[in-house]
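Reviewing the structure listed below.
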Amino acid sequence: MSEKSTTLEDIVSLAKRRGFIYQGSEIYGGEAGLYDFGPNGVELLNNIKKSWWKANVYDRDNYVGIDSAIFKHPKVWEASGHVGGFSDPLAECKVCHTRIRVDKELGAIGVTADEKMSDDELNTLFDENRDKIKCPKCGSKDFSNVKAFNLLVKSNLGDFTGENERPVYLPGEACQGIYLNFKNVVDTMPVKIPFGIAQIGKAFRNEISPRNFLFRVREFEQADTQFFVKPHKNKEAYERIKNERWQWYLSLGIKEENLRWSQHENLVFYAADAWDIEYNYPSLGYDEVEGIHDRTDYDLTQHMKFSGTDLRYTDPMTKEKYIPWILETSMGLGRVFLAVLSDAYTVEELPNGDSRTVLKLHPDLAPVKYAVSPLLKNKPELVEKAREVYRMLKKKHGNVMWDDNGNIGKRYRRQDEIGTPYCVVIDFDTLEDDTVTIRDRDTTEQKRVTIDSLA
Ligand code: ATP
């Protein structure tokens, strides 16, 4: 069997065709940068979350989880630096008014523009390279000057007059909820530094040009951990965390050759180190799926300053007081989802000249664990027996699919495309000897086994 290379278009098409991902508000013509997870998508997403939570909370002795409110006090985003500095550099095409992200366009031609550059510095860099950058829509090279565009999304929560001076923002990143609850967790849980807090939460960004399917969207979920350590006790923990995060991707079945590390060249002033894990996305190449940041005492110092609340930790033995340093991991769930789908997507040419598309998902991630069908759907005795097997497997494994549409070959193809590890078929022999045919997704081999052994 041979395999051919995958494009992003292949993934988008399968995701839609098989109920993984739908365009947000599709019946109204769709809304840019928003996607909905379909029945198979939500199962895969939840399985990824379960695996992440297990690896980051249950498998460790010193991590706890939280789930903070989406909306937060407006000052949170001032303290975090998002109100002042969370922006992307934007230029507008003077012909068709399409907006481009200047740092990304420069990056695509090998010119590094980093987030700390001032507008003037960026404009100089942009001017030097204008002749190499074309509008993605109309091809013109006639752009406005570069302007910083803030990515925070505003809301009118609690504003009944429209005159509130300070808007309540949607979170630009989910992790702020962890900093806000650091003191609560210390005061209410049996934790001692070093310890970590994990959270999965929504983030919203006014991305100038959402694109590349789930890769750059305006609403997404992040899975974050913040590990609190004594000042200067960051190095060893950072290496441990980096290694554990890498291993987690491998535990999902992602091929190691599709992952790589990328160290940040220009660190923000407070950071001690920062690395990204990148995945080799079809059609896009390597890009960030997760950031792992050694952030020193910046976050808690800022919140202590802006809130006036003492966020220092008191060592229970020595009574020493200090602001903990933080090691952060921040992963976009949509980007992991896309990596998992892309990595599992396989087209095999079969010896008879046909081909089959199969998602070789890790069985723990597969949205459907078993598909059960009667050989013929118009034979009540087969249907009844198949229903019995279906109910038994469903009780044990949760998401088991009843699939009696089309012939057996079509059912297998359909289940291959959503990555169902096993298909079980009930036929006339089942009625005689309580055995069924079980077919393996990856080898396509079929075996005869007893119903008891299935359970
Ligand atoms: P990028 O440079 O790609 O914009 P970032 O460095 O701003 O990403 P972080 O702020 O570190 O990203 O966010 C942590 C994670 O959240 C990223 O590693 C990524 O997986 C995810 N993420 C960030 N922005 C988006 C987005 N617009 N759409 C989907 N996922 C995102």
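Counted the way the working numbering counts, the sequence shown spans residues 590 to 1044. We put the CB at the ideal spot given by N, CA and C, even for glycine.
#### Entry: Assigned exposure category for S602 - 16 Cβ within 10 Å defines buried
exposed
### Query
Comparing the CB of F784 with every heavy atom of the ligand ATP, is any distance shorter than 7 Å?
no
### Query
In chain order, what are the residues with a CB under 6 Å from some non-hydrogen atom of the ligand ATP?
E762, R794, E796, R805, V806, F809, Q811, E877, V878, E879, G880, S919, M920, G921, G923 and R924
### Query
Using the beta-carbon count (16 or more within 10 Å), is L1020 buried or exposed?
L1020 is exposed by the Cβ-count criterion.
### Query
Taking the DSSP output, what are the residues bridged to G761?
Paired residues: none, contrary to the question.
### Task
Kindly list the residues whose CB is nearer than 7 Å to the CB of K605, restricted to its own chain and excluding five residues on each side of it in sequence; keep chain order.
Once the five neighbours on either side are set aside, the close Cβ partners of K605 are Y611.
### Query
Does DSSP classify L679 as helix, strand or coil?
strand
### Assigned exposure category for T595 - 16 Cβ within 10 Å defines buried
buried
### Query
Assuming G761 contacts F895 under a Cβ cut-off of 8 Å, what Cβ separation, rounded to an integer in Å, is found between them?
About 16 Å separates the two Cβ atoms, so there is no contact after all.
### Message
Three Cβ pairs or more, each shorter than 8 Å: is that satisfied between the stretch 859-867 and the stretch 828-842?
### Response
yes
### Message
With distance defined between alpha-carbon atoms, name the residue in L841, L964, V775 and G998 nearest to D904.
### Response
V775
### Query
According to the neighbour-count rule (16 or more other Cβ atoms, all chains shown, within 10 Å of its Cβ), is Y647 buried or exposed?
exposed
### Task
Evaluate F858 with the Cβ neighbour count: other Cβ atoms within 10 Å of its Cβ, from every protein chain shown; 16 or more gives buried, anything less gives exposed.
exposed
### Query
Around the C-beta of P779, are 16 or more other C-beta atoms found within 10 angstroms, so that it is buried, or is it exposed?
exposed
### Message
So, does the stretch 764-771 touch the stretch 658-673, judging by three or more C-beta pairs under 8 Å?
### Response
yes
### Query
Using 8 Å as the limit for Cβ to Cβ distance, is G923 near chain C?
Any reference to chain C falls outside this structure, which holds one protein chain only.
#### Entry: For P783 and F816, the rounded distance between their alpha carbons
7 Å
### Query
What separation, rounded to the nearest whole angstrom, lies between the Cα atoms of L1043 and E973?
18 Å
### Supposed close pair A960, M990 - CB separation, criterion 8 Å
5 Å
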